[in-house]
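Those letters in the sequence shown? Residues 1 to 436, per the UniProt record's numbering, in order. For glycine and all other residues, C-beta sits at the position ideal for the given N, C-alpha and C. The model shown is predicted, which means the values in this text are computed figures rather than measured ones. In what follows, a structure is listed as structure tokens, so that the remarks can point back to it.
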Amino acid sequence: SSSHSSRNVRDKSKNASFGKIDDALASFNQMIHMNPLPSTAEFNKLLSALVRLKYYETVISLWKQMEFLGILPDICTIKILTYCFCHLGHIDIIMLTTLIDGLCRESKIVKAVELFDEIVINGYKPDVYTYTVTVDGLCKIGKTSVASALLKKMVKRGCKPNVVAYSAVIDSLCKVGLVTEALALFSEMKTQGISPNVVTYTALIHGILINFVRKENSLKAQGMVETMIQRGIQPDAVTYNSLMDRCCLQNQIDQARKVFDTMVSKGCTHDVFTCTPDVFTYTILINCCCKQKMVYDAKRLLDEMLLKGLTPDSVAYNSLVRCLCEAGNPWAARELMKNLHASGHPPNMISYSILLNGFCKQKHPDVALTLFHEMQKSKLNPNCFVYGIIIDGLSKAGRLEDAKELFSRISVEGLQPDVHTYTIMINGLCKVLKPI
1 SSSHSSRNVR DKSKNASFGK IDDALASFNQ MIHMNPLPST AEFNKLLSAL
51 VRLKYYETVI SLWKQMEFLG ILPDICTIKI LTYCFCHLGH IDIIMLTTLI
101 DGLCRESKIV KAVELFDEIV INGYKPDVYT YTVTVDGLCK IGKTSVASAL
151 LKKMVKRGCK PNVVAYSAVI DSLCKVGLVT EALALFSEMK TQGISPNVVT
201 YTALIHGILI NFVRKENSLK AQGMVETMIQ RGIQPDAVTY NSLMDRCCLQ
251 NQIDQARKVF DTMVSKGCTH DVFTCTPDVF TYTILINCCC KQKMVYDAKR
301 LLDEMLLKGL TPDSVAYNSL VRCLCEAGNP WAARELMKNL HASGHPPNMI
351 SYSILLNGFC KQKHPDVALT LFHEMQKSKL NPNCFVYGII IDGLSKAGRL
401 EDAKELFSRI SVEGLQPDVH TYTIMINGLC KVLKPI
């Protein structure tokens, strides 16, 4: 039977009992057709048997087939391959670099670095691509200092780093707050004659804005954007969004709008849009307008966003609902929610919470209760916080019996009232108690 045959192949690979190459190749052929595929360890045993038979070229050829099937190498596979290359008197740097890259893409960065070290230990010189892939992988797992040190080693070993390697380290330095070091590396990069790209500039701009909150640093970042454009490097949405976000955090709505306008005008070259506002762009501006109580502007931005076929995220949605409620107009917020829902953008738990609170504050507990039941029908199960909003609204409207009934429903629905909910209910009861 096929299961018996599979077991024989697995047993053979485990024991690595191959007297000649034909047996090993037959077993390999059966292994790659198994479902599920054998483990990497089982393949390693077969490859090791071929190494003992001194079929080094065959090992490399079989590995290429394994790689094509998506079989990930482990450190044992890596050592087998390196051993084969050494005995053949050459090393296929391209293949090993592809291995490193594959490991990095699978988030197996430690294994990727082990493979890189194995190449160096065996006396072979990694090329610029090998270094770059390893540096980028180290940055992705937050090993900034190791990546930075490897970049320096790269220069010392006579291998000139490229823009990708420099950009990866600059971005990583900015993310850990080492912006001064990132700027120094940026200067070194330009001294080496390597032109920064959009990734380099965006990393620095984001780093400057996040780590330095002074107004002059916003101007410095904006100046960097202008430099990019002058040098023919088109900023992307991430670059512009970083600038707008910082302007909004500093309540500079006019400046944020200028950045937005620049993005629209500069992002179109010869009628081809290379950079257009995305969901995050609009969300940043909508949120900013709402914080400044600019309801009309926020609503206009949301309409513009929908016209462009962009789906508003919950932040944009809820910012506007909150803004309308805080302006004392929960009815307009309710209408907005209805329209958005009709166009395929249903409200979430937070949207309902904001609206319920808005109606309760305007002393409309009946509308809030209707919304509460609507929420339940839409399969959004209210939590204790939502119950607390309605109970508080009913209590303040003098409808204590309704509030008590709703409070009793919390346990029935399988929830445990928290301190906040109990406090609301106790406060409601205290208001109707007459002093003795």
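| Query | Result |
| --- | --- |
| Local conformation of Tyr201 per DSSP, three classes | helix |
| Selected residue, minimal CA-CA separation from Val169, among Arg157, Thr200 and Gln192 | Thr200 |
| Residues of its chain near Leu150, where Cβ-Cβ distance is below 6 Å and the 5 sequence neighbours each way are ignored | Val135 |
| Beta-carbon spacing of Leu336, Leu310 below 9 Å | no |
| Secondary structure of Gln192, DSSP reduced to three states | coil |
| Beta strand (DSSP E) runs wholly inside the UniProt repeat "PPR" (92 to 126), at least 3 long, in chain order | none |
| As assigned by DSSP and simplified to three states, the class of His345 | coil |
| Alpha-carbon to alpha-carbon, Phe407 and Asn427 | 13 Å |
| Residue from Leu306, Ile284, Ser187 and Cys430 whose Cα sits closest to the Cα of Arg257 | Ile284 |
| Assumed close pair Pro382, Phe359 - CB separation to whole angstroms, cut-off 8 Å | Not really, about 15 Å apart at Cβ, beyond 8 Å. |
| Residue burial classification, Cys288 (beta-carbon count within 10 angstroms, cutoff 16) | buried |
| Which of helix, strand or coil DSSP assigns to Asp221 | The identity of residue 221 in the sequence shown is Ala, whereas the question assumes Asp. In this structure, Ala221 counts as helix in the three-state DSSP scheme. |
| Cβ of Gln192 within 9 Å of any chain B Cβ | Looking for chain B here will not work: only one protein chain is present. |
| Reduced DSSP category for Thr227 - H, G, I as helix; E, B as strand; rest coil | helix |
| Other residues of its chain near Glu114: CB distance less than 8 Å, five sequence neighbours each side excluded | Ile75 and Ile78 |
| Proximal residues to Lys363 (C-beta, below 7 Å), its chain only, five neighbours per side dropped | Ala397 |
| DSSP-derived helix/strand/coil call for Ile78 | helix |
| Cutoff 6 Å; reference Ser314; Cβ partners in own chain excluding five residues on either side | Asn348 |
| Complete runs of the alpha helix (DSSP H) confined to the UniProt repeat "PPR" (348 to 382) [at least 4 residues] | 349 to 361 and 365 to 377 |
| Exposure label - Gln416; buried when at least 16 CB within 10 Å | exposed |
| Nearest-angstrom Cα separation, counted from Val386 out to Asp418 | 12 Å |
| Residues near Ile391 in its chain [Cβ-Cβ closer than 8 Å; skip 5 each side] | Ala403, Leu406, Phe407, Thr421, Ile424, Met425 and Gly428 |
| Beta-carbon proximity check, Gly137 vs Ser172, cutoff 9 Å | no |
| Run of the alpha helix (DSSP H) containing Asn318, from where it starts to where it stops | Ser314 to Glu326 |
| Beta-carbon proximity of Leu302 to Pro312, cut-off 9 Å | yes |
| Simplified DSSP assignment, three categories, for Ile233 | coil |
| CA nearest to the CA of Leu178, picked from Val146, Asn211 and Gln192 | Asn211 |
| Distance, Tyr317 Cα to Ile410 Cα | 28 Å |
| Gln30: first and last residue of the uninterrupted alpha helix (DSSP H) it sits in | Ile21 to Met31 |
| Exposure label - Asn357; buried when at least 16 CB within 10 Å | buried |
| Inter-stretch contact (C-beta, 8 Å, three-pair minimum) for the stretch 33 to 40 and the stretch 52 to 59 | no |
| Helix, strand or coil at Ser39 according to DSSP, with G and I counted as helix | coil |
| Closest residue to Ala368 among Ala342, Val51, Ser395 and Asp297 (Cα-Cα distance) | Ser395 |
| Cβ neighbours of Cys101 in the same chain (closer than 6 Å, five flanking residues each side left out) | First, the residue type needs correcting, since residue 101 is Asp and not Cys in the sequence shown. Counting only Cβ-Cβ distances below 6 Å, and skipping sequence neighbours, we find Val133. |
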